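**Student:** Before anything else, here's the structure in question.
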Amino acid sequence: MKTEYSSKWATARLNELKQGGLLRALRSIGDFIEKHGLREFKGIFENISSTSGYMLDYLRNGFNDPQREDTYNALAVKTVDLIGAIDRRMLAENSTDTFSGIVRTVNFSGKTVTDFLNEYRKFASLYSIMIESGERDEALVKKRERTLSELFESILVVATLTGDEHDLLMEISTDTEESVSVKYQIIGALLLSLLRNFNLSKFRLLLDIYERTTEESIAARALTAIILTLSEYGELAVFDKGVRTRLEAWQDSIVNYSRLREVEMAIISGFDTPRIMRTLNKTVIPDMLKMQPQIKSMLDEMNLDAGLSPDDIMESMESLGYNPKWEKFMAESGLDKKMQEMSEMLESGGDVMYATFSRMKTGAFFRDISHWFLPFEADRSEIKGDVSFINSMLETNANRYLCDSDKYSMAFSISSIPAGMMGSMRAQIDEMVKMNREEQENDLRSHSPLFTTEVHAFVKDLYRFFTLYHAHKNYSNPFKNPVLPDRLPVLSESLFDSEFKEMVCEYFFKNGYYSIALPYLESLAAGPDAGYVIYQKAGYALQNVGEYRKALDYYLRASFFDEQEVWLKTAIGNVYLKLGEPENAVRAFEDALSTDDENVHLLLKISQTYILLEKPELALTHLYKLDYIHPIAKAAREIAWGEFMRNDSGKAKEYLGKVIEGKYDSGGKRASQPCDYVRMGHILLSEGNPAEAVKHYSLAAADEKEMRKDWPLLKKKGVSEVDFDLLIESVVLDREKEAGIEKSK
Numbered sequence: 004m005k006t007e008y009s010s011k012w013a014t015a016r017l018n019e020l021k022q023g024g025l026l027r028a029l030r031s032i033g034d035f036i037e038k039h040g041l042r043e044f045k046g047i048f049e050n051i052s053s054t055s056g057y058m059l060d061y062l063r064n065g066f067n068d069p070q071r072e073d074t075y076n077a078l079a080v081k082t083v084d085l086i087g088a089i090d091r092r093m094l095a096e097n098s099t100d101t102f103s104g105i106v107r108t109v110n111f112s113g114k115t116v117t118d119f120l121n122e123y124r125k126f127a128s129l130y131s132i133m134i135e136s137g138e139r140d141e142a143l144v145k146k147r148e149r150t151l152s153e154l155f156e157s158i159l160v161v162a163t164l165t166g167d168e169h170d171l172l173m174e175i176s177t178d179t180e181e182s183v184s185v186k187y188q189i190i191g192a193l194l195l196s197l198l199r200n201f202n203l204s205k206f207r208l209l210l211d212i213y214e215r216t217t218e219e220s221i222a223a224r225a226l227t228a229i230i231l232t233l234s235e236y237g238e239l240a241v242f243d244k245g246v247r248t249r250l251e252a253w254q255d256s257i258v259n260y261s262r263l264r265e266v267e268m269a270i271i272s273g274f275d276t277p278r279i280m281r282t283l284n285k286t287v288i289p290d291m292l293k294m295q296p297q298i299k300s301m302l303d304e305m306n307l308d309a310g311l312s313p314d315d316i317m318e319s320m321e322s323l324g325y326n327p328k329w330e331k332f333m334a335e336s337g338l339d340k341k342m343q344e345m346s347e348m349l350e351s352g353g354d355v356m357y358a359t360f361s362r363m364k365t366g367a368f369f370r371d372i373s374h375w376f377l378p379f380e381a382d383r384s385e386i387k388g389d390v391s392f393i394n395s396m397l398e399t400n401a402n403r404y405l406c407d408s409d410k411y412s413m414a415f416s417i418s419s420i421p422a423g424m425m426g427s428m429r430a431q432i433d434e435m436v437k438m439n440r441e442e443q444e445n446d447l448r449s450h451s452p453l454f455t456t457e458v459h460a461f462v463k464d465l466y467r468f469f470t471l472y473h474a475h476k477n478y479s480n481p482f483k484n485p486v487l488p489d490r491l492p493v494l495s496e497s498l499f500d501s502e503f504k505e506m507v508c509e510y511f512f513k514n515g516y517y518s519i520a521l522p523y524l525e526s527l528a529a530g531p532d533a534g535y536v537i538y539q540k541a542g543y544a545l546q547n548v549g550e551y552r553k554a555l556d557y558y559l560r561a562s563f564f565d566e567q568e569v570w571l572k573t574a575i576g577n578v579y580l581k582l583g584e585p586e587n588a589v590r591a592f593e594d595a596l597s598t599d600d601e602n603v604h605l606l607l608k609i610s611q612t613y614i615l616l617e618k619p620e621l622a623l624t625h626l627y628k629l630d631y632i633h634p635i636a637k638a639a640r641e642i643a644w645g646e647f648m649r650n651d652s653g654k655a656k657e658y659l660g661k662v663i664e665g666k667y668d669s670g671g672k673r674a675s676q677p678c679d680y681v682r683m684g685h686i687l688l689s690e691g692n693p694a695e696a697v698k699h700y701s702l703a704a705a706d707e708k709e710m711r712k713d714w715p716l717l718k719k720k721g722v723s724e725v726d727f728d729l730l731i732e733s734v735v736l737d738r739e740k741e742a743g744i745e746k747s748k
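Counting from 1, position 96 in the sequence shown corresponds to residue 99 in this note's numbering; the numbering is continuous, with no gaps.
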């Protein structure tokens, strides 16, 4: 029985080459060829090994060889191709994943890429004639679709392209008369193939397509594919002197400079999709749903009945901004901020549609790998229903935020709408289309958004493929880690100037990716223009990744620029606390308080620090002030513990009792916390009332560690350690018994 083959072997060899391990990779390849009896690869392998041996002998014997680097790079390129060829052969014979199934299908056909391309062209030509005739031939439509998928699969799995195949594919990809469908398919297949196994001939084709096309949409997709390939296998690509030279030449073009930035930020936005989904699902959407009753009530007041036209409705909605009642509601409820947050996500290219459409990618259409890389065509054979209506639906405002695979998902959904409902929807849809066209005309008069739009659409399609395709695990997901521009060979030198560095840094910083932003912040902080803002951000990022000593250093540097900044002084105090230096922390908090003596957060923070330092009198001075100006549960909780520390159990129970009874503002959260019951139990135990103490411990629902953490103070209060241990243990065991947990003795 044959052992299942995995492409991990090929990936490991490519990684060795990326790290400069040509000799190590060759040794592994030689062993693999011998082990699996791959005689057809022996010739090329021995040729590479022999040349590398001569090169090494020359080096060891001290001979000067001005061509050594070029020879090494040429050998590395040949080795990459050899690895790809071996991988395809092994997949065809010893693997059961979907990719290997495609390899076997293409191999079994006996056809070359050229054969598949010619077959597609034949049916594409007949399809064009059919369109002109106005008579639909369903069999011909399906044949054209099938040959397009077969072309995609052949490019995907072929180990390397011949010169003729390269020329034919480049010709069709840069011909403005050719259908955009075949161009999208070629670029998609090249990218998927390159991410599995780098191949120089395929990468060169991508470069040729990008540099020679006159179509913005094709340039957008080709450049995106190039950047994603370079992020994965850039070290291998630049082994080729020609590739390096071409990439270096891009530095002289302002168009390339601008496009590279667009692509890089779009890819980073794709990486950010999981965070966007968490934000939407955990905060934005739930909060907006809670507001539904109020929103509905206010809409009812506007009398938006079915007799109003779309224009009337839009006019009424616009008037909301001038309605004081609405403005007050939106400000107080936070709805305006939620709407702004959603808008900013959309405008920055954030993939807010992913969650909705991810549930609509399980049908048969999406099981075909090539379908994920198609432009939207409403007349596809799989789409049933009113084509003109579907096109109208997709011309509304939402269109600009939808990628092609989402448009297919929407089209399949629209196809299932009953005919009766479509009639009532058509007038409103037509009006929305008219408005959208006017808006698009205004956009086009001010700038040319096509390249940017296509880049973001392609990135969204790619993200969906790499996360939703039923066999996506067969392919390396380029969005798993951020594609950082300073790690792109050659291009980083032209792309990554200080301005763009700050842009990338700011994106990661504001969205909470502190470990990613940190190297950029430290680099900027080391520059001649570093100042207060950079030092502060570097400190904050370091604080969030647990580098407290370094964070303190940057915060102190920032303090030289603005000694009165309350936030900065508070941050310095917080870092001192993390470093286990409460004395320094309290000095920083006091310093901040001198600038803003009624700052609620500061008053609470400094009080908690004095409690930590076992200085309850100083803590209570601030706490009672806070309780006067802004009574909150957190302050009352600390007052209770401070009074207990200075032996006033009566006041301690009074304040803690108010917290437990919910008499304090708790910021919308549950008034009483487990710690309140635990500490009330501690106070009662110190008074010699174990029965009441146990009642409160039982109500706490706190773990044993939480109940024991205040033992040092209880010991000072004269509580018996034996009594304390027995009571806490009994409470824990009673709770376990109630929960049905049986622990072994």
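Idealized CB from N, CA, C, for every residue including glycine.
Remember, predicted model here, so these are calculated numbers, not experimental data.
Below 8 Å on the Cβ atoms is my guess for Ala-638 versus Asp-651; work out the distance and round it to an integer in Å.
**Tutor:** The residue given as residue 638 occupies position 635 in the sequence shown. The residue given as residue 651 occupies position 648 in the sequence shown. At roughly 17 Å, the Cβ-Cβ gap does not stay under 8 Å, so Ala-638 and Asp-651 are not in contact.
**Student:** Among the candidates Glu-502, Lys-666, Leu-143 and Glu-267, whose CA atom is the shortest distance from the CA of Glu-122?
**Tutor:** Working through the sequence shown from its first residue, we reach residue 122 at position 119. Ranking the options by Cα distance to Glu-122, first place goes to Leu-143.
**Student:** Helix, strand or coil, according to DSSP, for Glu-617 in the structure here?
**Tutor:** Reading the sequence shown from its first residue, position 614 is the one you call residue 617. Reduced to three states, the DSSP call for Glu-617 is coil.
**Student:** Here's the rule I'm using: 16 or more other beta-carbon atoms within 10 Å means buried, otherwise exposed. How should Phe-563 be labelled?
**Tutor:** Taking the sequence shown and counting its residues from 1, the one referred to as residue 563 is at position 560. Phe-563 comes out exposed.
**Student:** Where DSSP assigns a beta bridge to Ile-537, which residues make up the other side?
**Tutor:** As a working note, residue 537 is residue 534 in the sequence shown. None, per the DSSP bridge assignment.
**Student:** Assign Ser-610 to buried or exposed, taking buried as 16 or more other Cβ atoms, counted over all protein chains shown, within 10 Å of its Cβ.
**Tutor:** Position 607 of the sequence shown holds residue 610. Buried: at least 16 other Cβ atoms inside 10 Å.
**Student:** Around the C-beta of Glu-135, are 16 or more other C-beta atoms found within 10 angstroms, so that it is buried, or is it exposed?
**Tutor:** For the purposes of this step, residue 135 is taken as residue 132 along the sequence shown, with counting starting at 1. Exposed, since its Cβ has fewer than 16 Cβ neighbours within 10 Å.
**Student:** Which first and last residues belong to the alpha helix (DSSP H) in which Ile-212 is found?
**Tutor:** Here the question's residue 212 lines up with position 209 in the sequence shown. 203 to 215 is the extent of the alpha helix (DSSP H) around Ile-212.
**Student:** Does the beta-carbon of Val-536 have 16 or more other beta-carbons within 10 angstroms, so that it is buried, or is it exposed?
**Tutor:** Here residue 536 refers to the residue found at position 533 of the sequence shown. Val-536 should be labelled exposed.
**Student:** Mark Val-722 as exposed unless 16 or more other C-beta atoms lie within 10 angstroms of its C-beta, in which case mark it buried.
**Tutor:** Sequence index remark: in the sequence shown, residue 722 carries index 719 (1-based). By the neighbour-count rule (16 or more Cβ atoms within 10 Å), Val-722 is buried.
**Student:** Could you give the distance in angstroms between the alpha-carbon of Ser-384 and the alpha-carbon of Ser-196?
**Tutor:** Stepping through the sequence shown from its first residue, residue 384 is reached at position 381. Stepping through the sequence shown from its first residue, residue 196 is reached at position 193. Cα to Cα, Ser-384 sits roughly 27 Å from Ser-196.
**Student:** Residue ranges of each beta strand (DSSP E) run of no fewer than 3 residues wholly in the region 94 to 177, ordered along the chain?
**Tutor:** Within the region 94 to 177, no complete beta strand (DSSP E) run reaches 3 residues.
**Student:** Exposed or buried, which one is Leu-729 when buried takes at least 16 other CB atoms within 10 Å?
**Tutor:** Here residue 729 is taken as the residue at index 726 of the sequence shown, counted from 1. Exposed.
**Student:** Check Cys-406 in the structure and name its three-state DSSP category.
**Tutor:** Along the sequence shown, read from residue 1 onward, the residue named residue 406 stands at position 403. Three-state result, Cys-406: coil.
**Student:** Count the other C-beta atoms from every protein chain shown that fall within 10 angstroms of the C-beta of Ser-733, then say buried if there are 16 or more, exposed otherwise.
**Tutor:** One-based indexing of the sequence shown puts residue 733 at position 730. Per the 10 Å Cβ criterion, exposed.
**Student:** Is it the case that the region 247 to 264 contacts the region 24 to 34, given that we only count it when at least three CB pairs across the two stretches are under 8 Å?
**Tutor:** With a cut-off of 8 Å, the region 247 to 264 and the region 24 to 34 do not count as touching, because too few Cβ pairs lie within range.
**Student:** Please report the residue range of the alpha helix (DSSP H) in which Arg-711 lies.
**Tutor:** On the sequence shown, residue 711 is found 708 positions in, with the first residue counted as 1. Here the alpha helix (DSSP H) through Arg-711 covers 707 to 711.
**Student:** Could you tell me how far apart the beta carbons of Tyr-538 and Ala-561 are, in whole angstroms, since I believe they sit closer than 8 Å?
**Tutor:** Numbered from its first residue, the sequence shown carries residue 538 at position 535. Numbered from its first residue, the sequence shown carries residue 561 at position 558. Contact holds; Cβ gap of about 4 Å.
**Student:** Between the region 140 to 160 and the region 193 to 209, are three or more C-beta pairs nearer than 8 Å?
**Tutor:** Touching, yes, given that three or more Cβ pairs across the two stretches are closer than 8 Å.
**Student:** Check Phe-482 in the structure and name its three-state DSSP category.
**Tutor:** As a first step, residue 482 must be located in the sequence shown, where it is residue number 479. Coil, per DSSP.
**Student:** Only counting the same chain, and skipping five residues up and downstream in sequence, which positions put a Cβ closer than 8 Å to that of Leu-688?
**Tutor:** By one-based count along the sequence shown, residue 688 stands at place 685. Within the same chain, Leu-688 has close Cβ partners Ala-696, Leu-717, Val-722, Asp-726, Phe-727 and Leu-730.
**Student:** Could you have a look at Leu-730 and say whether DSSP puts it in helix, strand or coil?
**Tutor:** For the purposes of this step, residue 730 is taken as residue 727 along the sequence shown, with counting starting at 1. Leu-730: helix per DSSP, three-state reduction.
**Student:** Counting only the same chain and skipping the five closest in sequence on each side, list residues whose C-beta sits under 6 Å from that of Ala-358.
**Tutor:** Here residue 358 corresponds to residue number 355 of the sequence shown, with the count starting at 1. Hits under 6 Å: Met-280.
**Student:** Can you tell me whether Leu-25 is buried or exposed? The criterion is at least 16 other CB atoms within 10 Å of its CB, across all chains shown.
**Tutor:** Reading the sequence shown from its first residue, position 22 is the one you call residue 25. Classification for Leu-25: buried.
**Student:** Tell me whether the region 675 to 690 and the region 701 to 716 touch, counting them as touching only if at least three CB pairs, one residue from each stretch, are closer than 8 Å.
**Tutor:** Contact holds: three or more Cβ-Cβ distances are below 8 Å.
**Student:** For the alpha helix (DSSP H) containing Asp-34, list its first residue and its last residue.
**Tutor:** Against the sequence shown, residue 34 aligns to sequence position 31. Note, Asp-34: alpha helix (DSSP H), 25 to 39.
**Student:** How would you write the range of the alpha helix (DSSP H) that Trp-570 sits in, first residue to last?
**Tutor:** To locate residue 570, count along the sequence shown from 1; it is residue 567. Taken as a continuous stretch (DSSP letters only), the alpha helix (DSSP H) holding Trp-570 covers 569 to 581.
**Student:** According to the Cβ coordinates, are Ile-686 and Lys-656 closer than 7 Å?
**Tutor:** The residue labelled residue 686 in the question sits at position 683 within the sequence shown. The residue labelled residue 656 in the question sits at position 653 within the sequence shown. Contact flag set, yes.
**Student:** Quick one: Cα of Leu-151 to Cα of Ser-501, how far?
**Tutor:** Residue 151 sits at position 148 when you count from the first residue of the sequence shown. Residue 501 sits at position 498 when you count from the first residue of the sequence shown. So the alpha carbons of these two residues sit roughly 44 Å apart.
**Student:** Do the region 402 to 419 and the region 213 to 233 make contact, defined as three or more Cβ pairs closer than 8 Å?
**Tutor:** In short, these stretches do not touch, since the Cβ pair count stays below three.
**Student:** Buried or exposed for Asp-90, going by 16 or more other Cβ atoms inside 10 Å?
**Tutor:** Position 87 of the sequence shown, counted from the first residue, corresponds to residue 90. Flag for Asp-90 reads buried.
**Student:** Suppose the cutoff is 7 Å on Cβ atoms and the five residues either side in sequence are ignored; what does the same chain contact list for Ala-95 look like?
**Tutor:** One-based indexing of the sequence shown puts residue 95 at position 92. Cβ neighbours of Ala-95 beyond the five flanking positions: Ser-103, Val-106, Arg-107 and Asn-110.
**Student:** Inspect the beta-carbon positions of Glu-265 and Thr-455 and report whether they are closer than 7 Å.
**Tutor:** On the sequence shown, residue 265 is found 262 positions in, with the first residue counted as 1. On the sequence shown, residue 455 is found 452 positions in, with the first residue counted as 1. Yes. Within cutoff.
**Student:** Should Lys-11 go down as buried or exposed, given a rule of 16 or more other Cβ atoms within 10 Å for buried?
**Tutor:** As a working mapping, residue 11 is identified with position 8 in the sequence shown. Counting Cβ neighbours within 10 Å, Lys-11 comes out exposed, since fewer than 16 surround it.
**Student:** If contacts are defined as beta-carbon pairs under 8 Å, then Pro-481 and Ser-234 qualify, I think. What distance do you get, rounded to the angstrom?
**Tutor:** Within the sequence shown, the letter at position 478 stands for residue 481. Within the sequence shown, the letter at position 231 stands for residue 234. Pro-481 to Ser-234, Cβ: 6 Å. Contact.
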